[in-house]
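Numbering (UniProt numbering), first residue to last: 1 to 238. Don't be surprised by glycine CBs; every beta carbon is placed ideally from N, CA and C. The structure displayed is predicted, hence computed values, not measured ones. Report on the following structure.
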């Protein structure tokens, strides 16, 4: 009875603060728990261990009592694999069907690619992903329903622009036999230079402070919840 009375005061499910902060606070709690239980950043800076962890995920979730596949799971008392920590008492749950495992296996093989993981060694945020999403939705808005082929074209075009900039248009034209002339190439080069310049300018600390100041001036007042809890959202920050 005492536990029932005291628990609501300390329960992590409860949220104290503004409704706007609930999403960001909840995200931090969820990923903090995941970091403790799954070791999301425990392999930061170590390519081999990070690759081994990715390769361990699929066999782990596919394991059953009849077919245990925990060979790739990390050893030791701090392992996120319960089979390795409580070997004598652990019982495997119903694992993923092998048909499903074989179907999604290529995805995990791509995720374990060393070139891809090299970009994840720093363990930082996913601002680049959000930038790519923005490029996709600029070409194919969420407000209008479109067919799959339109979405695929938008994604391909956004990825090409994200990786190669405006000059990707010239590469596309050459693939279909259209020659990109000098003035078009120069225009694409200027657009790429402008894009890089503004990207570098926007990431400066002085520019960020100025944006915050101007935003506060336009708003005319500071929200008490923002003062108490900080910025509630930043791209890739939560």
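Check	Outcome
Evaluate residue 107 with the Cβ neighbour count: other Cβ atoms within 10 Å of its Cβ, from every protein chain shown; 16 or more gives buried, anything less gives exposed.	exposed
Which residue wins for smallest C-alpha separation from residue 119, given the options 131, 162 and 45?	45
Exposed or buried, residue 216, counting other C-beta atoms within 10 Å across all chains shown (16 or more means buried)?	exposed
To the nearest angstrom, how far is it from the Cα of residue 99 to the Cα of residue 193?	48 Å
Measure from the alpha carbon of residue 167 to the alpha carbon of each residue in 188, 154 and 181, then state which is nearest.	188
Please classify residue 72: does DSSP put it in a helix, a strand, or coil?	coil
Does the segment 45 to 59 come within contact of the segment 101 to 117, defined as at least 3 CB pairs closer than 8 Å?	yes
Classify residue 163: buried if its beta carbon has 16 or more other beta carbons within 10 angstroms, exposed otherwise.	exposed
Using a Cβ-Cβ cut-off of 8 Å (strictly less than) and excluding sequence neighbours within five positions of residue 218, which residues of its own chain qualify?	none
Thinking residue 94 and residue 72 are a contact (beta carbons under 8 Å), I'd like their distance in whole angstroms, please.	Actually they do not touch by this definition, with Cβ atoms about 20 Å apart.
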